[in-house]
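Below is one structure, written out as structure tokens; the observations come after it.
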Amino acid sequence: MKLVGVTSCIAGLAHTPMAARALENAGGKLGYTVNIEQQGAMGTIDELTLAQITAADIVLIASDRTIEGEDRFDGKKIVRVKIGQCVSSAEAVLKKIKDMI
Numbered sequence: 003m004k005l006v007g008v009t010s011c012i013a014g015l016a017h018t019p020m021a022a023r024a025l026e027n028a029g030g031k032l033g034y035t036v037n038i039e040q041q042g043a044m045g046t047i048d049e050l051t052l053a054q055i056t057a058a059d060i061v062l063i064a065s066d067r068t069i070e071g072e073d074r075f076d077g078k079k080i081v082r083v084k085i086g087q088c089v090s091s092a093e094a095v096l097k098k099i100k101d102m103i
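Every position in the sequence shown, counted from 1, becomes a number in my numbering once 2 is added.
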């Protein structure tokens, strides 16, 4: 499975990078290709490329707020979860998404 995603919490300090790392680690463990963009207090980190978005089977938005640039994902299947779910249970989130596609 190829997944791209955006993590973004309200403060944009702790949960944003924690969720990104958790998803990337869980994806690696499961053999998935996972690319995560972080939108936080420090700006955008690891911005997704058009090639990554095009190749993705699904888009994950892990956020408790509106993200920037969501229109990039038009035509893609989007799954939305609260960011805390990815911090605490990233592997379970990815497995559930895999079952959806």
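For every residue, glycine included, the Cβ atom is placed at its ideal position computed from N, Cα and C.
Neighbourhood of residue 17 by C-beta, 8 Å cutoff - its chain only, sequence neighbours within 5 removed: Sequence-distant Cβ neighbours of residue 17 in its own chain, meaning closer than 8 Å and more than five residues away, are 9, 11, 85, 86, 89.
Range covered by the alpha helix (DSSP H) that runs through residue 52: Start and end: 52-57.
Contact the stretch 91-101 vs the stretch 42-52: 3+ CB pairs below 8 Å: In the pairwise beta carbon analysis, the stretch 91-101 is classified as not touching the stretch 42-52: fewer than three pairs are separated by under 8 Å.
CA-to-CA distance, residue 34 to residue 56, given in whole angstroms: Taken atom to atom, the span from the alpha-carbon of residue 56 to that of residue 34 is near 16 Å.
Residue 43 in three-state terms, based on DSSP: Assignment of residue 43 by DSSP, reduced to helix, strand and coil, places it in the coil class.
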